[in-house]
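*Asks:*
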Amino acid sequence: MAAAVYAQDLTCSICLTLFSDPLTLLCGHSFCRKCITDCPITQCPQCRTSLPSPEEVKCLPTSHILKSLAEKAKEETKQSHDRAEAQWLCPDHDEKLKLFCVTDQQLTCIICRDGEKHDGHKFKPVKEAAASLRKELETGMETLPADILAIESLANKQREEITKTKERSRQLMSQMHKQFEEMHQFLRKREDEIKNELKNQEEDAVEEMTKRLISMEAALTENRELEVKGAAVLKITDPERFLKKWTEGNCMKTPEHLFRSRANDLDVINTSLFLGPYESHLQFFMWKEMLQVIQPRAELLSLRNDNVNVSVSDDRRSLYCAPKCSQNQQNMFGQTGLFFSSPAFGSSTSHYDQYTNIFPAVPDNTYNAFSTDEFTSGQCYWEVEVGHRDYWKLGIKDYFLQYENYKHAACNPKTITELTVTDTPRKIGIYLDCSSKKLSFYNADNMTRIHTMSCSSMSVPVSAYFNIRYKEPDHNPLTVCWY
Numbered sequence: 001m002a003a004a005v006y007a008q009d010l011t012c013s014i015c016l017t018l019f020s021d022p023l024t025l026l027c028g029h030s031f032c033r034k035c036i037t038d039c040p041i042t043q044c045p046q047c048r049t050s051l052p053s054p055e056e057v058k059c060l061p062t063s064h065i066l067k068s069l070a071e072k073a074k075e076e077t078k079q080s081h082d083r084a085e086a087q088w089l090c091p092d093h094d095e096k097l098k099l100f101c102v103t104d105q106q107l108t109c110i111i112c113r114d115g116e117k118h119d120g121h122k123f124k125p126v127k128e129a130a131a132s133l134r135k136e137l138e139t140g141m142e143t144l145p146a147d148i149l150a151i152e153s154l155a156n157k158q159r160e161e162i163t164k165t166k167e168r169s170r171q172l173m174s175q176m177h178k179q180f181e182e183m184h185q186f187l188r189k190r191e192d193e194i195k196n197e198l199k200n201q202e203e204d205a206v207e208e209m210t211k212r213l214i215s216m217e218a219a220l221t222e223n224r225e226l227e228v229k230g231a232a233v234l235k236i237t238d239p240e241r242f243l244k245k246w247t248e249g250n251c252m253k254t255p256e257h258l259f260r261s262r263a264n265d266l267d268v269i270n271t272s273l274f275l276g277p278y279e280s281h282l283q284f285f286m287w288k289e290m291l292q293v294i295q296p297r298a299e300l301l302s303l304r305n306d307n308v309n310v311s312v313s314d315d316r317r318s319l320y321c322a323p324k325c326s327q328n329q330q331n332m333f334g335q336t337g338l339f340f341s342s343p344a345f346g347s348s349t350s351h352y353d354q355y356t357n358i359f360p361a362v363p364d365n366t367y368n369a370f371s372t373d374e375f376t377s378g379q380c381y382w383e384v385e386v387g388h389r390d391y392w393k394l395g396i397k398d399y400f401l402q403y404e405n406y407k408h409a410a411c412n413p414k415t416i417t418e419l420t421v422t423d424t425p426r427k428i429g430i431y432l433d434c435s436s437k438k439l440s441f442y443n444a445d446n447m448t449r450i451h452t453m454s455c456s457s458m459s460v461p462v463s464a465y466f467n468i469r470y471k472e473p474d475h476n477p478l479t480v481c482w483y
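Structure representation (structure tokens):
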């Protein structure tokens, strides 16, 4: 056994086999006599010391110790081979392994086939199973390189995303630090709090992406190991050895399962760090929290007056419902002055009721308006005072926050999500990030975030959206806040 353990030391470095008639040169290295005699070079293959002449080599004595150890190693190698041959017998029944259990993916004997352990399993003769399995392996090996390349590409992209996320985090850190420097000691505390929030986002994002990268690298390692093992197994021509080698450590997994495309199960996580208004409107939000003097950055929106069903104040900040009599007059006569010139109607409530019965209210979806300002890039924030109005919609086209029947809901073209809002706000803040296509709503009374939605189908330019329901008299308009 000792000779077998040191078989590497008993191997000639020229013929790479166990020593045959070994001799030791003056430099101390040993070789087969024939190998060193026939060696075409004049230097020791290991240390480059000059070799003796062929006549001198013939005079060198045989190393009987190395020769004896080499012969013992050869004998033990032969015995090990004989023991390996015995491994082809079933360990339970000492029968030759002539069958292959397709269900368990392992070699079995005839007695095993009829046993309870393999009840109902599918079996094939060894040669047939080897041929079938070889075909599956060859097919799988053809697709494996492409899958490895795909995973490598995904892993590289994931690394790039991790770098981008960290860089974006550093940029936001610097931006926030400059803004906080303009404030006093109390704001230093808020700076640290928001920095921690961003750091947590970064850590969560990087942790999630790192986990995905680890999964990619694990899949890549498995595929590479499978590629190496598959190549080695396919070199074996003997069916029994082929099946034995393949089934070692496979845990009863079929080639179809092992060679499935792992790249299809993986994708690159692209996490966008989002601090909401703290990225661009930090000072304004701090001002709302502290009620200290800062430079506000809210958008000074103006409303378009292009809908006959609503009225806009002279300063273009407030939105009212247009009087119904004005709408009915336009439908009947085509011009406003003609209706009011009739002394029969004037401002009489009874005659007004007659005409409101004849001409029903205009549908709610027609009481809308848009801002004259359009947003194309960057981050924008504006506030609207809703007061005690019982119905309104605020946001942008197709994406808005709705208030109706004392309930709030986030609406987009596909879904309406009812929200739980503890305090009914009298002022709503809207934050639009055009780059990330995210829209956030805030209770502008205390700067509590109500909801954030993704505006995936948003196209620029986009305007602020307002919608109200008919109400007369309308003493509580929607009013854009100017600071």
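Numbering of the sequence shown is given in the UniProt record's numbering, commencing with residue 1 and proceeding in unit increments.
Don't be surprised by glycine CBs; every beta carbon is placed ideally from N, CA and C.
Counting along the chain, where does the beta strand (DSSP E) carrying Phe441 start and finish?
*Replies:* Sequence index remark: in the sequence shown, residue 441 carries index 441 (1-based). For Phe441, the enclosing beta strand (DSSP E) has its first and last residue at 438-443.
*Asks:* Use the C-beta contact count for Met209: other C-beta atoms within 10 angstroms, 16 or more gives buried, fewer gives exposed.
*Replies:* Taking the first residue of the sequence shown as 1, we reach residue 209 at position 209. Result: buried.
*Asks:* Rounded to whole angstroms, what's the CA-CA distance from residue 486 to Pro425? Just pull it up for me.
*Replies:* Residue 486 cannot be examined here, being either before or after the span of the chain that is shown, 1 to 483.
*Asks:* Are the CB atoms of Cys32 and Thr49 nearer to each other than 8 Å?
*Replies:* Position 32 of the sequence shown, counted from the first residue, corresponds to residue 32. Position 49 of the sequence shown, counted from the first residue, corresponds to residue 49. Cβ distance not < 8 Å, so Cys32 and Thr49 don't count as in contact.
*Asks:* Look up Asn368 in the DSSP assignment and give the residues it is bridged to.
*Replies:* Locating residue 368 in the sequence shown gives position 368, counting from the first residue. Paired residue(s): Asn467.
*Asks:* Applying the criterion that 16 or more other CB atoms from any shown protein chain within 10 Å of the CB defines a buried residue, is Asp315 buried or exposed?
*Replies:* Taking the sequence shown and counting its residues from 1, the one referred to as residue 315 is at position 315. So Asp315 counts as exposed.
*Asks:* Tell me, please, which residues DSSP counts as bridged to residue 484.
*Replies:* Examination of residue 484 is not possible in this model, given that the chain is present from 1 through 483 alone.
*Asks:* Candidates Pro61, Pro477, Phe274: which alpha carbon is nearest Arg317's?
*Replies:* As a first step, residue 317 must be located in the sequence shown, where it is residue number 317. Of Pro61, Pro477, Phe274, the residue nearest in Cα terms is Pro477.
*Asks:* Among residues of its own chain, excluding the 5 on either side of Ala205, which ones have a beta-carbon nearer than 7 Å to its beta-carbon?
*Replies:* By one-based count along the sequence shown, residue 205 stands at place 205. Hits under 7 Å: Thr165, Thr271, Leu273.
*Asks:* If you draw a straight line from the alpha carbon of His64 to that of Gly249, how long is it in whole angstroms?
*Replies:* Start at 1 with the first residue of the sequence shown, and residue 64 comes out as number 64. Start at 1 with the first residue of the sequence shown, and residue 249 comes out as number 249. About 43 Å.
*Asks:* Can you check the UniProt domain "RING-type" (12-48) for any beta strand (DSSP E) of at least 3 residues that lies completely inside it and give the ranges in chain order?
*Replies:* 22-24, 30-32
*Asks:* Does the stretch 419-436 come close enough to the stretch 449-469 that 3 or more CB-CB pairs lie under 8 Å?
*Replies:* yes
*Asks:* Is Met176 close to chain D? Criterion is C-beta to C-beta, closer than 8 Å.
*Replies:* Going by chain labels, chain D is absent from the structure shown, which holds only one protein chain.
*Asks:* Under the rule that 16 or more other beta-carbon atoms within 10 Å means buried, what is Gln329, buried or exposed?
*Replies:* If you number the sequence shown from 1, residue 329 lands on position 329. Note that Gln329 scores 42 on pLDDT, short of 50, meaning its location in the model is unreliable; the coordinates nonetheless yield the value given after this. So Gln329 counts as buried.
*Asks:* Drop a sphere of 10 angstroms on the beta-carbon of Leu16, count the other beta-carbons inside from all chains shown, and report buried for 16 or more, exposed for fewer.
*Replies:* Start at 1 with the first residue of the sequence shown, and residue 16 comes out as number 16. The residue is exposed, with fewer than 16 neighbouring Cβ atoms inside 10 Å.
*Asks:* Taking the DSSP output, what are the residues bridged to Val462?
*Replies:* Numbered from its first residue, the sequence shown carries residue 462 at position 462. Residue pairing of Val462 in beta bridges, as defined by DSSP: Phe375.
*Asks:* Given this structure, state the Cα-to-Cα distance separating Ala322 from Gln283, to the nearest angstrom.
*Replies:* The residue you call residue 322 lines up with position 322 of the sequence shown. The residue you call residue 283 lines up with position 283 of the sequence shown. In a straight line, the C-alpha of Ala322 is about 38 Å away from that of Gln283.
*Asks:* Name the two residues that bound the continuous alpha helix (DSSP H) containing Ile148.
*Replies:* As a first step, residue 148 is located in the sequence shown; it is residue number 148 there, counting from the start. Start and end: 126-181.
*Asks:* The ligand GTP heavy atoms versus the CB of Asp306: any closer than 7 Å?
*Replies:* For the ligand GTP, the structure offers nothing, since it holds no ligand at all.
*Asks:* Would you call the stretch 379-387 and the stretch 432-451 touching, i.e. three or more CB-CB distances under 8 Å?
*Replies:* yes
*Asks:* Can you list, in chain order, the residues of its chain with a C-beta nearer than 8 Å to that of Ser347? Leave out the 5 residues immediately preceding and following it.
*Replies:* Looking up residue 347 in the sequence shown gives position 347. Summary for Ser347: the model assigns pLDDT 35, below 50, so the residue's position carries little reliability; its value from the coordinates is reported in the next sentence. Cβ within range, chain order: n/a, list empty.
*Asks:* Leaving out five residues on either side along the sequence, give the residues of the same chain with a beta carbon under 8 Å from the beta carbon of Glu217.
*Replies:* By 1-based counting over the sequence shown, the position of residue 217 is 217. Ala155.
*Asks:* Apart from the five residues just before and just after Leu220, which ones in its own chain have a Cβ nearer than 7 Å to its Cβ?
*Replies:* On the sequence shown, position 220 is the one that residue 220 refers to. Ile148, Ile151, Glu152, Ala155, listed in sequence order.
*Asks:* Quick one: using the 10 Å Cβ neighbour count with 16 as the cut-off for buried, is Leu300 buried or exposed?
*Replies:* Here residue 300 corresponds to residue number 300 of the sequence shown, with the count starting at 1. Exposed: under 16 other Cβ atoms inside 10 Å.
*Asks:* Mapping DSSP to helix, strand and coil, what is Ala409?
*Replies:* By 1-based counting over the sequence shown, the position of residue 409 is 409. Strand.
*Asks:* For Pro343, which of helix, strand or coil comes out of DSSP?
*Replies:* The sequence position of residue 343 within the sequence shown is 343, counting from 1. Unreliable positioning characterises Pro343 in this predicted model, as indicated by a pLDDT of 30, which lies under 50. The coordinate reading is nonetheless provided below. Three-state result, Pro343: coil.
*Asks:* Mapping DSSP to helix, strand and coil, what is Glu418?
*Replies:* As a working note, residue 418 is residue 418 in the sequence shown. Here Glu418 sits in strand by DSSP.
*Asks:* Suppose contacts are defined by Cβ-Cβ distances below 8 Å. Is Leu137 in contact with Val233 by that definition?
*Replies:* Here residue 137 refers to the residue found at position 137 when the sequence shown is read from its first residue. Here residue 233 refers to the residue found at position 233 when the sequence shown is read from its first residue. Yes, they are a contact pair.
*Asks:* With DSSP collapsed to three states, give me the class of Glu404.
*Replies:* Locating residue 404 in the sequence shown gives position 404, counting from the first residue. DSSP places Glu404 in strand when its eight states are reduced to three.
*Asks:* Count the other CB atoms within 10 Å of the CB of Ile358; is the residue buried (16 or more) or exposed (fewer)?
*Replies:* Position 358 of the sequence shown, counting from 1, holds the residue named residue 358. Unreliable positioning characterises Ile358 in this predicted model, as indicated by a pLDDT of 32, which lies under 50. A coordinate reading is not provided.
*Asks:* Can you tell me where the alpha helix (DSSP H) holding Arg212 begins and where it ends?
*Replies:* The residue labelled residue 212 in the question sits at position 212 within the sequence shown. Taken as a continuous stretch (DSSP letters only), the alpha helix (DSSP H) holding Arg212 covers 185-234.
*Asks:* Could you tell me the distance, in whole angstroms, from the CA atom of Cys101 to the CA atom of Pro91?
*Replies:* Reading the sequence shown from its first residue, position 101 is the one you call residue 101. Reading the sequence shown from its first residue, position 91 is the one you call residue 91. Approximately 16 Å, taken between the alpha carbons.
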